[in-house]
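Residue numbers (the numbering used here), protein chains in the order written: chain X, 774 to 1051; chain P, -15 to 567.
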């Protein structure tokens, strides 16, 4: 039985044999492809990678990738991933999900994962809609989008700005990709996985079923005006404020100490018990 | 019959003399410090003891009370009343009147300079011994009232002065020689001062005391966790569970584990699930409101068969309730709070030392069965401190059953006879799988097929229902046609009530249930063999155990119920009175 470490793995080796539940034309297929390409490019042994998710269309991705997967509950992927990383720092831990999972029900965890800066990669496939529950507005939906029965006049509140929140919360790597460019996502992912600290990758990933107008995204996405990411949070904030939300590429990258317990034992349980003896 | 073989445990059936003393005072008067030092001196003198504490609602500077019971043998509950109350001052002391019942034989030691005895306390009609505490302390350079009080207590309780002086040295050494000298002088002055009254009861002398520990219930739970192998803890602070987490934080670090302070309980439960998925035994501690927030995550742990343990230290509820006071009212949520059909373990610790045994056992069972476990303790155990026999180790179980590398075809949720399927830990070659909260087939692939759902539900039930839990499911004592069935912290008062009734001529059996779910029904039936009258005793309003036992058809139709909510502790006398009515 040959170990996977001794064989050079191709992107297809990281694909499982389970057929995705996603609709034809769904942007998430490109993310799945990019994940497998990035893992193959980095040559990571499959058993040393864990892909953790919550609930939603995009959160189905762990089962489609041939690594260790954890498909948890709605909004809590980052929490499960941070527990896993704290206990098993040797693993490469990737977290994936959607905009509702990450920014609405999981919003608090997003903030605290950014500021905790554990060495994780977080991919949010953002299609500005809840797809699995059949088309409700999410935090990133425009205020005037009136196609949902739940919000017939549109959500009526300004949309959430993921990059701004990530920056304000202390994320050390912020980038954005587009499903129309899987190789671009794969390149950003390689950088994100290699970055020591919390890497946030937002992927504009159209929902062809509930947001068919997003098919037009390919015409409006464009690279960030500045080719290189900044390490200056003030500069990053200015770029975010000037951004129309459709820029792709790397926005911000900085090096800040990573939170990771050292997990080195210096004593045994029996030694602790001595403290209780009278 | 296994149940009966455990009837003679470390309890001696004859009631033994005990002394109960309360110390009260305003914030900064050093009540709690004095309580801890008295308990240490009790330990040094060879006795056992229990110390509960109570505080006003203020975060800082509020009044507090230390309540101790001292005995030649182990004690698991507070007594019906106190022989001695020493008030360092009377500021807001009326708030403790209900918690510190006195009798006409009791002695109140107080300083006339502190003013009148509050009417709520005076109404007990106890004997009063006025002593110039403030003046005595003032006469000593660096003197403190609480240290003078310790000297007085030492004399009245019949404890050797040397034991107290040694504790002063030990406790205050880090504050410098001057402080130690001053405090020791206070103790001597208090000890030697004239005392016109004395206590009616005395402690018998003890020789060759056995090894004992001085431990709080929350520390004991933390120790049980690491004894069971827990090496990852996620924590969100909550009263009265925080001390479990605060004990674990530095000690896990020493053991090569880690503690992560989470942003909320939704995070902490999912963090421990993530860590356990990674192969590291994991636990969190919380109280009712936190447990409620964790419920969805606990369902995930059950469905994905990821072993986790929640130590739930109960307080008065519902909602914010009475955060600093005890109640046994989270049994319903622990048993029935899960969505879906979700078999899991619910255990209750029966005394302070048992927090170690039961928490360790819960971790061992959780790991062996890849199951979710909730351990119920409460504020009266968690935040109390006792001198106890060193707690015994829990049965080790089989440990987590893991899959060997390249166990082809690897089926994470394989349908095995005992329901437990080998778990591949990330890092294990080839056995890649996705753990899922979605219903799944044996491989782990999501499935909504009726057959897969039925089979996986059966398997998750089978692994718990078919396990042999042995004799530790309950602590059974006494014999006779009358039986008290109880759980958790109420066991101490119930067992003491039974010993008193037995000594008075009516044999009473006590079944204190440690493994509440799944309850070994056959063993419970055997334990109840020959019983004519049953009284269920618990500290809540609704009779939560009572209704649960009825739902399992384990109680006779005429079973009685003594369900009394917190915050006041259940006292042996009220159980004796109720049992006498039942008879």
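Virtual Cβ for every residue (Gly too), placed ideally from N, Cα, C.
Is it right to say residue i is buried, meaning 16 or more other beta carbons lie within 10 angstroms of its own, or is it exposed?
i: residue 725(X); result: This structure leaves residue 725(X) out entirely; chain X is present only between 774 and 1051.
i: residue 955(X); result: buried
i: residue 561(P); result: exposed
i: residue 978(X); result: buried
i: residue 1015(X); result: exposed
i: residue 1044(X); result: exposed
i: residue 2(P); result: buried
i: residue 1039(X); result: exposed
i: residue 171(P); result: buried
i: residue 52(P); result: buried
i: residue 222(P); result: buried
Check the Cβ of residue i against every Cβ in chain X and list those closer than 7 Å, keeping chain order.
i: residue 649(P); result: The displayed coordinates of chain P run from -15 to 567. Any statement about residue 649(P) would go beyond what the structure contains.
i: residue 199(P); result: 1049
i: residue 338(P); result: Those within 7 Å of residue 338(P) in chain X number zero; the least Cβ separation is about 15 Å.
i: residue 494(P); result: Those do not exist, as residue 494(P) stays about 27 Å from chain X at its closest Cβ, beyond 7 Å.
i: residue 196(P); result: 1051
i: residue 235(P); result: 1045
Measure how close the beta-carbons of residue i and residue j come, nearest whole angstrom, since I'm counting them as under 8 Å.
i: residue 471(P); j: residue 510(P); result: At roughly 18 Å, the Cβ-Cβ gap does not stay under 8 Å, so residue 471(P) and residue 510(P) are not in contact.
i: residue 361(P); j: residue 333(P); result: 5 Å
i: residue 86(P); j: residue 66(P); result: 6 Å
i: residue 466(P); j: residue 517(P); result: 5 Å
i: residue 984(X); j: residue 901(X); result: 6 Å
i: residue 883(X); j: residue 947(X); result: That pair is no contact at about 12 Å.
i: residue 349(P); j: residue 329(P); result: 6 Å
i: residue 804(X); j: residue 898(X); result: 6 Å
i: residue 563(P); j: residue 519(P); result: 6 Å
What does the alpha-carbon distance come out to for the pair residue i and residue j?
i: residue -12(P); j: residue 338(P); result: At residue -12(P), the pLDDT of 39 sits below 50, so the modelled position is not reliable and the matter cannot be decided from this model.
i: residue 474(P); j: residue 524(P); result: 10 Å
i: residue 401(P); j: residue 380(P); result: 21 Å
i: residue 505(P); j: residue 457(P); result: 10 Å
i: residue 358(P); j: residue 305(P); result: 21 Å
i: residue 514(P); j: residue 294(P); result: 36 Å
i: residue 1041(X); j: residue 238(P); result: 8 Å
i: residue 777(X); j: residue 499(P); result: Unreliable placement is indicated for residue 777(X), whose pLDDT of 47 sits below 50; the coordinate value is still reported in the next sentence. Whole-angstrom Cα-Cα distance: 45 Å.
i: residue 957(X); j: residue 945(X); result: 20 Å
i: residue 45(P); j: residue 192(P); result: 41 Å
i: residue 5(P); j: residue 854(X); result: 50 Å
i: residue 1050(X); j: residue 376(P); result: 14 Å
i: residue 570(P); j: residue 197(P); result: This structure gives no information on residue 570(P), because the portion of chain P shown stretches from -15 to 567.
i: residue 335(P); j: residue 12(P); result: 30 Å
i: residue 794(X); j: residue 1018(X); result: 28 Å
i: residue 543(P); j: residue 530(P); result: 9 Å
i: residue 301(P); j: residue 371(P); result: 29 Å
Check this for me: beta carbons of residue i and residue j, under 7 Å apart or not?
i: residue 95(P); j: residue 117(P); result: yes
i: residue 255(P); j: residue 155(P); result: no
i: residue 352(P); j: residue 313(P); result: no
i: residue 406(P); j: residue 385(P); result: yes
i: residue 865(X); j: residue 838(X); result: no
i: residue 800(X); j: residue 952(X); result: yes
i: residue 232(P); j: residue 206(P); result: yes
i: residue 267(P); j: residue 190(P); result: no
i: residue 201(P); j: residue 365(P); result: yes
i: residue 57(P); j: residue 0(P); result: yes
i: residue 23(P); j: residue 91(P); result: no
i: residue 257(P); j: residue 225(P); result: no
i: residue 444(P); j: residue 327(P); result: yes
i: residue 412(P); j: residue 430(P); result: no
At 7 Å on the CB atoms, spell out the chain P contacts of residue i, in chain order.
i: residue 857(X); result: 258, 259, 261 and 262
i: residue 780(X); result: In chain order: nothing, as chain P lies at least about 12 Å away.
i: residue 839(X); result: 416
At a cut-off of 6 Å, would you count residue i as near the ligand SAM, judging by its Cβ distance to the nearest heavy atom?
i: residue 260(P); result: With respect to the ligand SAM, the structure shown offers nothing to examine, as it has no ligands at all.
For a contact defined as C-beta to C-beta under 8 Å, what are the partners of residue i on chain X?
i: residue 255(P); result: 852, 853, 855, 856 and 859
i: residue 216(P); result: 856, 859 and 860
i: residue 191(P); result: Result: empty, since nearest Cβ-Cβ is about 16 Å, beyond 8 Å.
Find the residues of chain P that neighbour residue i, judging by a C-beta separation of less than 9 Å, and give them in chain order.
i: residue 804(X); result: Near residue 804(X) there are no residues of chain P at all, since even the closest Cβ is about 16 Å away, more than 9 Å.
i: residue 868(X); result: By Cβ distance, chain P contributes nothing, its closest Cβ being about 10 Å from residue 868(X), past 9 Å.
What residues from chain P crowd round residue i, counting only those whose CB sits closer than 8 Å?
i: residue 894(X); result: Under the 8 Å cutoff, chain P gives no residues; its nearest Cβ is about 15 Å from residue 894(X).
i: residue 791(X); result: 429
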